[in-house]
Structure formats: structure tokens, C-alpha cells
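Numbering (UniProt numbering), first residue to last: 1 to 417.
Just so you know, even glycine gets a beta-carbon here, dropped at the ideal spot from N, CA and C.
See below for the structure under consideration.
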Amino acid sequence: MKGGGFKVRPTTRCNSAIRRPTQELAILDLYQQTNINPIPQLILTPTQRNLRPRPKTGMKITDQYYTVLTHENKPDHNFRHKTAQGSYRTTKLSTKNQLETLEDGLLKKTSITQLDTDIPQQCETKFKTQTLDGFKILRSSSQQQVNTNAVLNQKISNLDRYLILSILGQGSYATVKLARDKITEKLMAIKIYSKAKLCNQQRKQQLKREIHILKLLDHPNIIKYLNTIETQMDINLIVEYGGSKSLRSYLKLFPNRKLDEDDAKQIFRQIVKAVDYCHSLNIVHRDIKLENILLKDNNEIKLIDFGFSILVNRECKLGVFCGTPSYMAPELVSKQEYFGKPVDVWALGVLLYVLLTGNFPFKGSNDSDLYGQIKKGVYTKVNASLQCQKLISQMLTIRASERITTLRILQDRWFNS
Ligand code: PIT
């Protein structure tokens, strides 16, 4: 995307220019005595993995976690659902941040704790008392709970199971390699974080958050997390292989590096579906860009790189200045506290603009120049249908509160035409 007399800044930035996130300190305290691996997890047996209680209960059981999604912090909030084995499980949120599960006459008590969100301190107390949204279970007395290390040791003791084939990408903190699973013969991508480079707590915390969020995600347009293997030197994230072509390299195959409206729409639809799914789980990606979208030969897309993603709370703003400059929303470059989801929507607007024009809507010869343009929000009109132009302007709306949401984009006329 060079040329056009502007500098492209594809590199991701993240700093705590606004303030140091309070949750980082809290979470680090939790894990302080441990190394990176022992993120407490509730690992379920294979049959339990298939359980999907009705969402109306306000509580979701995912592969590895019971995730409490309810906004009703009622001490007697009960629900009952049928397990795969045909028995009934009753779950109750008790007053002391405990989840009580009654199944087959066996009472299991599970402590829940707050998730790692960027919420400021004053919100934290309110959050804790008013809503259970964003709490996760850290420990369970369930007999099915197994230590992560033990499970990994049982399944595979090291990376020998994988045959490394090539390097897919290299960043400052991690390298992504293509590998073949020697047992299943399937291709995998392994994102390797060198422990030596995970020198500060913020990096370690980001990695823990990335793994946690990856485990929550299950969508056809989002790369699937498979496993984490810790070796003496590295932390290896094993994810499905989503191809080796990013949307950025794909665009380079076209004259002027742009797509026609229908092709752009076909790709954009999948990206919005992936981001809307994340937002429905209160996950904000915070680094949506061409490089983080993989494209398979059948034009199926996969969203990758959840390194800056975070679980958010509707009422509280974020304060960590994250992302890639050309895709940053005005509220981010102004270093104001911001709501996460609109920041992703702005990046989607930039992305659609680039797909259709081959250029970024906002350019500058240096960061402050670029930020000035973003704050003004003035860009050259896209040569596309009026409906498409309208959608772009709704995404590139300066005031975050007036910006379109992913849910609304899904209902948009151009999007559905
Ligand atoms: C591929 C091919 C490739 C990169 C990746 C996967 C990366 C995947 C990835 C990276 C992340 C993350 C989740 C998935 O959080 O070139 O198949 O940082």
C-alpha cells in the first residue's frame, strides 16, 4: 500500500499513555506467584464440552469456562439445563461470588473473579456490585477440574508432535510458523513467543489475555485456538491454519491495489460478522487491519491476532492507547478514554475504504500529522455507490456515540444488497 505520497504505518502500537490499566495490576497479583502457564482453568470432560445451555439463562458454558454473562446480580438467580448425559444441572449464583452447581446430587462450588478489563478504579467497585458481566470462574471444586500442565503433559509432552515447515510471519514479540501435526497430518500455525522477549509484566499480561480470549472464540471467520505448549524458552500458541495470505498481500494482486464494490462487500461482510460476534461477547479486538485478516483460496476470511483484544464492560471506558495509527479512531488519537466497540467500527470503516480505493482515508507524513487528519475526520470521497459511501461515513463518524454499531452494519442496505 505504498505510493500515493504517504507513509503506511502497519505496525501495531500499544502504550499506557493515558494511564496504566488498573486491571493489569490486579491480574498480575493473581498470577504473581506463578509463571505464565498456570492460568487457572476449568477443563471439562469431552462430553461436557458439547454442552450448550440456552443463552436465555444469561450464563454460558464454553469449552473451558463457565462464563457469567448475566447483568442480573440476583443472589437467587437459578437456572436448570439438561446435560448431554440426560441428567439435570442446576446452577445458582450465590452472594459471595460463588457459582454453585448441583448435578446428580453433587454440589460443586466455584469461585468467580473479575475478568481483566481496562476499567478504571472508580468503575470497578460499581461493576463488582452491580453486575456480574465480565466475571470468570477461576477455580472449581469440580472433580473434572484438571491442572493445565497435567493435561498438556498427558496429551503431548512437547512440540515433537509438530513438524515445522516454514515461517509465516515475524513480529517484534512473536514468530508465526507453519507446522504439520504428525498425528492428524493437518496444517497448523504456531505463534511462538520467546520468553526472553516477554520481559515486562505488561507483555506477559497481554499474552495471558490473548490466550484467554482466543479460548472463548468460536466463529467460522475467526482463527480457532487449539492449544498452548510451554517449553523452556517459548510459549507456543497452536491455532488452526488459516492460509498464508493476508488481505494486505491479496490486495497487492490487483491493479491499484483495490477491489470492485461487490468483491469488497463479499470480504467485508465476513469481517463484520467476525467482529460483531466478538462484540456480542463483549470482546474488542483493537487491532483490526488488513494484515490481521487472512484470506483462503475460497475467499473465506479469518480474523487473527487477538494480542490487544480485551473484554469490556458496557459502562466503563478503556484507557490503553492501542492499535495501528492509520486505523485509529479520533477518540484514541486524542488520548481520551474510550469505549472499545466504536474503535473497532472505525477501523472497519478504514478497512472498507482501503479495500475500495487502495488508499487510507487519513494520511500524514508523521504520526502527529496523521492524528490531526483523523481528528478532523475529512477524507476524499470513495468512488462507490451512494449506499456504500453512506455506510463508510457512518463508520468514520467522529463522535463515537453517533458511530454505527456492528449490529446496525449487519442490517445496512448496502451490506445486504
Ligand atoms: C495463520 C497464518 C498466519 C498467521 C496466523 C495464522 C496467526 C494466527 C494468530 C495470531 C494471533 C492470535 C491468533 C491467531 O491471537 O500467517 O494460519 O496473534
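Query                                                                                                                             : Result
Leucine 391 vs phenylalanine 415 beta-carbon contact at 8 Å                                                                       : yes
Whole runs of the alpha helix (DSSP H) within the region 350-414, excluding any shorter than 4 residues                           : 367-376, 386-395 and 406-411
Range covered by the alpha helix (DSSP H) that runs through glutamate 291                                                         : Counting along the chain, glutamate 291 falls outside any alpha helix (DSSP H), and DSSP gives it neither H nor E.
N-terminal and C-terminal residue of the alpha helix (DSSP H) that aspartate 262 is part of                                       : 261-280
Glutamine 201: first and last residue of the uninterrupted alpha helix (DSSP H) it sits in                                        : 201-216
Backbone CA spacing between valine 350 and leucine 290 [nearest angstrom]                                                         : 10 Å
Sequence-distant residues of its chain with Cβ nearer than 8 Å to leucine 226 (five each side left out)                           : Met188, Ile238, Val239 and Glu240
With 16 other Cβ atoms within 10 Å as the buried cut-off, status of methionine 395                                                : buried
Status (buried if at least 16 other CB within 10 Å, exposed otherwise) for leucine 370                                            : buried
Beta carbon of residue 424 nearer than 8 Å to that of asparagine 221                                                              : What is shown of the chain runs 1 to 417, which leaves residue 424 out entirely.
Under 8 Å between C-beta atoms of residue 421 and tyrosine 327                                                                    : Any answer about residue 421 is impossible in this case: the structure gives the chain only from 1 up to 417.
Leucine 187 - containing alpha helix (DSSP H), residue span                                                                       : Taken as a continuous stretch (DSSP letters only), leucine 187 belongs to no alpha helix (DSSP H), being part of the beta strand (DSSP E) at 187-194.
DSSP state of lysine 136 mapped onto helix, strand, coil                                                                          : Legend: pLDDT at lysine 136 = 34, less than 50; position of this residue unreliable, value from coordinates given subsequently. Correct three-state label for lysine 136: strand.
Distance cut-off 7 Å: lysine 191 Cβ against heavy atoms of the ligand PIT                                                         : yes
As assigned by DSSP and simplified to three states, the class of arginine 13                                                      : strand
Start and end residues, alpha helix (DSSP H) containing arginine 314                                                              : First-last for arginine 314: undefined, no H or E at that position.
Range covered by the alpha helix (DSSP H) that runs through valine 333                                                            : 330-333
6 Å Cβ shell around aspartate 263 - same chain, five flanking residues per side excluded                                          : none
Rounded separation between lysine 204 and serine 172 - CA only                                                                    : 14 Å
C-alpha gap between glycine 242 and lysine 302, whole angstroms                                                                   : 6 Å
Option nearest tyrosine 193 by Cα separation, candidates Pro325, Ile211 and Leu253                                                : Ile211
Any non-hydrogen atom of the ligand PIT closer than 7 Å to valine 176 Cβ                                                          : yes
Among Ile164, Asp367, Arg314 and Glu300, the one whose alpha carbon lies nearest that of glycine 323                              : Asp367
Heavy atom of the ligand PIT within 7 Å of phenylalanine 306 beta-carbon                                                          : yes
Bridge-paired residues (DSSP) for tyrosine 225                                                                                    : Val239
Aspartate 276 and leucine 407 closer than 8 Å at C-beta                                                                           : yes
Three-state class that DSSP yields for arginine 286 in the structure shown                                                        : coil
Spatial neighbours of isoleucine 183 in its chain, beta-carbon cut-off 8 Å, leaving aside the 5 residues before and after         : Arg161
Among Gln206, Thr231, Pro330 and Asn158, the one whose alpha carbon lies nearest that of serine 309                               : Gln206
Chain-order list of residues whose beta-carbon lies under 6 Å from that of glycine 340 (same chain, five-residue window excluded) : Val284, Val312 and Leu318
For serine 166, the residue or residues it bridges with in DSSP                                                                   : Leu178
Contact under 8 Å by Cβ, glutamine 373 with lysine 363                                                                            : yes
Given aspartate 305 as reference, the closest of Lys258, Leu198, Arg286 and Ser334 once Cα atoms are compared                     : Arg286
Closest Cα partner of serine 401 within the set Phe268, Ile409 and Tyr338                                                         : Tyr338
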